[in-house]
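Novice:
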Amino acid sequence: MNGNADIIKMTTCGPLEIATFPCRTDNYGYLMRDTDSGLVAAVDAPEAAQIEAALSQLGWTLTHILLTHHHGDHIEGVEQLCAGGGVTVVGAKADAVRLPKLHKQVVAGQPWRFGDHEVRIFDTPGHTVGHIVYYLPGPKVLFSGDTLFAMGCGRLFEGTALQMWGSLATLKELPDETTVFFGHEYTAANGDFSLDIEPDNPDLLARIADTAKTLAEGGYTAPSTLGEEKRTNPFIRADTAAVARSVSLVGADAAIVFAEVRRRKDRK
Ligand SMILES: [Zn+2]
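In terms of the working numbering, the sequence shown opens at residue 60 and continues consecutively.
1) Measure the Cβ-Cβ separation of residue 116 and residue 67 and say whether it is below 8 Å.
2) Using C-beta distances below 6 Å, list every residue in its chain close to residue 119, excluding the 5 sequence neighbours before and after it, in chain order.
3) Where the beta carbon is closer than 5 Å to any heavy atom of ligand 1, which residues qualify, in chain order?
4) Who are the near neighbours of residue 290 in its chain, counting only those whose CB is closer than 7 Å to its CB and skipping five residues on each side?
5) Exposed or buried, residue 280, counting other C-beta atoms within 10 Å across all chains shown (16 or more means buried)?
6) Taking the C-alpha atoms as reference points, what is the distance between residue 312 and residue 266?
7) Okay, do the stretch 221-234 and the stretch 157-176 touch, 3+ Cβ pairs below 8 Å being the bar?
8) Which residue comes first and which comes last in the alpha helix (DSSP H) that contains residue 171?
9) Please name the residue or residues paired with residue 78 in a DSSP beta bridge.
10) On the premise that residue 141 lies in contact with residue 357, defined as a C-beta separation below 8 Å, what is that separation, rounded to the nearest angstrom?
11) Keeping to the same chain, check which residues put their C-beta closer than 6 Å to that of residue 296; ignore five residues upstream and five downstream.
12) Could you tell me which residues DSSP pairs with residue 84 in its beta bridges?
13) Going straight from the alpha carbon of residue 250 to that of residue 210, what length do you get?
14) Return helix, strand or coil for residue 211, following the three-state DSSP convention.
15) Which of the three DSSP states, helix, strand or coil, is assigned to residue 323?
16) Among 73, 195, 275 and 139, which has the Cα closest to the Cα of residue 121?
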């Protein structure tokens, strides 16, 4: 990650065009354009200058900012991006007190719409207690913030392991073909750790090789698919026999297995 937003990766998910570009040290910036309505949302606002540069390069006009959680590296750009007006800031009602001023407060279980597209909001406590993620069931797109990463998950700054496991278990119910746009480029280090847990997982070995190649070429590992995570991510796989066995917790509740995997990652 070199913080060069000139290099934008485009992903088309049904009627959505989604731009991925680096921000700050290791954050990802995302811009989502609905080709039906022309609406354009930034998902989190790690850095105004990079997001403005991407908007300018794409010729897009920002209409929305969707916030996942209150950490500075996800909200810092909000004020500047809103300075010209015309931008609707969306975030969790339950965490509104710690977020920038919200124009639309959303609640898990109450769908919101981006143009004509349904957006489901899930509470995913763990990294922070007020963290939410955005899922568009039509094009099967998930913005997972700092809850789910490629082969990783967010650190437990506020929530418990039990809460975070519940969050990941909720996301695990989404379809394998879901495209996952995650908050940070931690993929190489996550892959390295994942190998400690499942050294013989062939899907993991293949993914780590792909990751090394992508990063060596200056590419981005985002987005991934939920299917890839279900096959290779040791955190979301805490309910599998393979991961339980590797941390010597065969037969234990998945939340206990998850807590042990998270503890090992924190110590690495
Ligand atoms: Zn965070």
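No residue lacks a Cβ here, since even glycine has one placed at the ideal position from N, Cα and C. As the structure is a computational prediction, the values presented were derived from the model and not from experiment.
Specialist: In short, the structure shows the following:
1) As a first step, residue 116 is located in the sequence shown; it is residue number 57 there, counting from the start. As a first step, residue 67 is located in the sequence shown; it is residue number 8 there, counting from the start. For residue 116 and residue 67, yes; Cβs fall inside 8 Å.
2) On the sequence shown, residue 119 is found 60 positions in, with the first residue counted as 1. Answer for residue 119: 92 and 99, listed in chain order.
3) Taken from the N-terminal end onward, the list reads 130 and 205.
4) As a position in the sequence shown, residue 290 is number 231, starting the count at 1. Excluding positions up to five away in sequence, the list reads 262.
5) Within the sequence shown, residue 280 is the residue found at index 221, counting from 1. Residue burial is scored here from C-beta neighbours: residue 280 has at least 16 other C-beta atoms within 10 angstroms and is therefore classed as buried.
6) One-based indexing of the sequence shown puts residue 312 at position 253. One-based indexing of the sequence shown puts residue 266 at position 207. In a straight line, the C-alpha of residue 312 is about 27 Å away from that of residue 266.
7) Here the stretch 221-234 makes no contact with the stretch 157-176; the two share fewer than three CB pairs at distances below 8 Å.
8) Position 112 of the sequence shown, counted from the start, is the residue given in the question as residue 171. It is not in any alpha helix (DSSP H) - residue 171 instead sits in the beta strand (DSSP E) that spans 171-173.
9) Within the sequence shown, the letter at position 19 stands for residue 78. Partner(s): 69 and 90.
10) Nothing about residue 357 can be read from this structure; the chain reaches only from 60 to 327.
11) Mapped onto the sequence shown, residue 296 falls at position 237. Closer than 6 Å at the Cβ level, and outside the excluded window around residue 296, lie 302.
12) The residue given as residue 84 occupies position 25 in the sequence shown. Assignment of beta-bridge partners to residue 84 by DSSP yields no partner.
13) Taking the first residue of the sequence shown as 1, we reach residue 250 at position 191. Taking the first residue of the sequence shown as 1, we reach residue 210 at position 151. When the Cα atoms are used, residue 250 and residue 210 turn out to be separated by approximately 6 Å.
14) As a first step, residue 211 is located in the sequence shown; it is residue number 152 there, counting from the start. Taken through DSSP and simplified to helix, strand or coil, residue 211 comes out as strand.
15) Numbered from 1 along the sequence shown, position 264 holds the residue referred to as residue 323. Annotated three-state conformation of residue 323 is helix, per DSSP.
16) Looking up residue 121 in the sequence shown gives position 62. Nearest option by C-alpha distance: 139.
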